[in-house]
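Below: one structure, written as structure tokens.
Numbering (the working numbering), first residue to last: -6 to 294.
The following block contains the structure:
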């Protein structure tokens, strides 16, 4: 007799559905189109299978959206569509999808860098759409989205970014000084008239407010997906990130013993990185204890 198991039954039914003629034919067609360089047609076929629940379609469609083949969507919409498909694949237990979703939230890539009015347009090259990313080269570097206390490290590896940052700050300072001068003029000569529709008595707002997203919430979401990857797939990368997050309190409670546990689990596959992280954490823990002792002495006085 076979033991009753809804989980196993669902897995077998899903494998039959994914191997069906319609879904498998579309996935094969999408694969051939991708190899031929017809990325948008490939994306359409993968999207069709993804919406039926095909894990293969979800992963490949999310990948193509992530690479900038967005069928005319804005950058923000494309990013969210990609993450939606990665999350769907992660719910089915795909390791890569769990790590990708975790990375999107961990590195702050889900935060809106600009509103819809300033989103770069989509251009078409050789029949395929892609984004005109303002900082495409920077975003491709590993240290561009480094969170936590080591964000400054990329300026040592890439000093040209430091000069770009100085230039950006200088432009903001000049703009702020110009705005102050305009405000002083307004105080003297009265309020400026707006350029809205005077006939209807309305005034066009200069800029809409952008909704800010909470960074700690994003870190908590990242921890959820990293934990799924660590528990279900024993992922060394997920364990390492969980250790780092516990060490510095990024989205999780700061807990050095738990951080050490995750670093040790990650060390089974990445021994050198784990050893360095454990040594750095021991120094960090001593500094935290020293700070607590000094604060206690100061409070006693």
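By construction, the Cβ of each residue, glycine as well, lies at the ideal position given by its N, Cα and C atoms.
This one's a predicted model, so the numbers in the text were calculated from it and none came from an experiment.
Assigned exposure category for residue i - 16 Cβ within 10 Å defines buried
i, result
"residue 35", "buried"
"residue 16", "buried"
"residue 260", "buried"
"residue 283", "exposed"
"residue -1", "exposed"
"residue 285", "exposed"
"residue 159", "exposed"
"residue 296", "Given a span of -6 to 294 for the chain in the structure shown, any question on residue 296 remains unanswerable."
"residue 240", "buried"
"residue 228", "buried"
"residue 341", "Given a span of -6 to 294 for the chain in the structure shown, any question on residue 341 remains unanswerable."
"residue 2", "exposed"
"residue 27", "buried"
"residue 287", "exposed"
"residue 142", "With a pLDDT of only 46 at residue 142, under the threshold of 50, the placement of this residue in the model should not be trusted; the figure read from the coordinates follows. Per the 10 Å Cβ criterion, exposed."
Other residues of its chain near residue i: CB distance less than 7 Å, five sequence neighbours each side excluded
i, result
"residue 57", "32, 35, 36, 39"
"residue 262", "229"
"residue 251", "239"
"residue 129", "Low local confidence applies: a pLDDT of 38 at residue 129 is under 50, so the model's placement there is unreliable, with the coordinate-based value given in what follows. Closer than 7 Å at the Cβ level, and outside the excluded window around residue 129, lies no residue."
C-alpha distance - residue i paired with residue j, whole-angstrom precision
i, j, result
"residue 89", "residue -6", "36 Å"
"residue 280", "residue 42", "53 Å"
"residue 25", "residue 4", "27 Å"
"residue 245", "residue 100", "15 Å"
"residue 77", "residue 293", "53 Å"
"residue 30", "residue 65", "18 Å"
"residue 249", "residue 278", "7 Å"
"residue 104", "residue 98", "8 Å"
"residue 18", "residue 269", "48 Å"
"residue 164", "residue 157", "11 Å"
"residue 14", "residue 222", "31 Å"
"residue 211", "residue 265", "29 Å"
"residue 276", "residue -3", "52 Å"
"residue 161", "residue 167", "10 Å"
Reference residue i; option with closest CA among the options
i, options, result
"residue 255", "292, 13, 220, 22", "220"
"residue 59", "48, 24, 45, 93", "93"
"residue 86", "96, 52, 104, 160", "52"
"residue 237", "10, 267, -1, -4", "267"
"residue 226", "28, 14, -2, 83", "83"
"residue 10", "46, 1, -4, 30", "46"
"residue 96", "162, 277, 213", "213"
"residue 345", "44, 65, 104", "The chain is shown from -6 up to 294; residue 345 falls before or after that span and cannot be answered."
"residue 102", "251, 6, 12, 215", "215"
"residue 332", "7, 166, 217, 161", "The requested residue 332 does not occur in the structure, where the chain is confined to residues -6 to 294."
Sequence-distant residues of the same chain with beta carbon closer than 6 Å to residue i, five excluded per side
i, result
"residue 258", "232"
"residue 20", "42, 49"
"residue 23", "35, 38, 39"
"residue 81", "51"
"residue 234", "219"
"residue 205", "Only weak support is given to the placement of residue 205: the predicted model assigns it a pLDDT of 40, under 50, and the question is left unresolved by the model."
Contact set for residue i: own chain, Cβ-Cβ below 8 Å, skip 5 residues either direction
i, result
"residue 253", "236, 271, 274"
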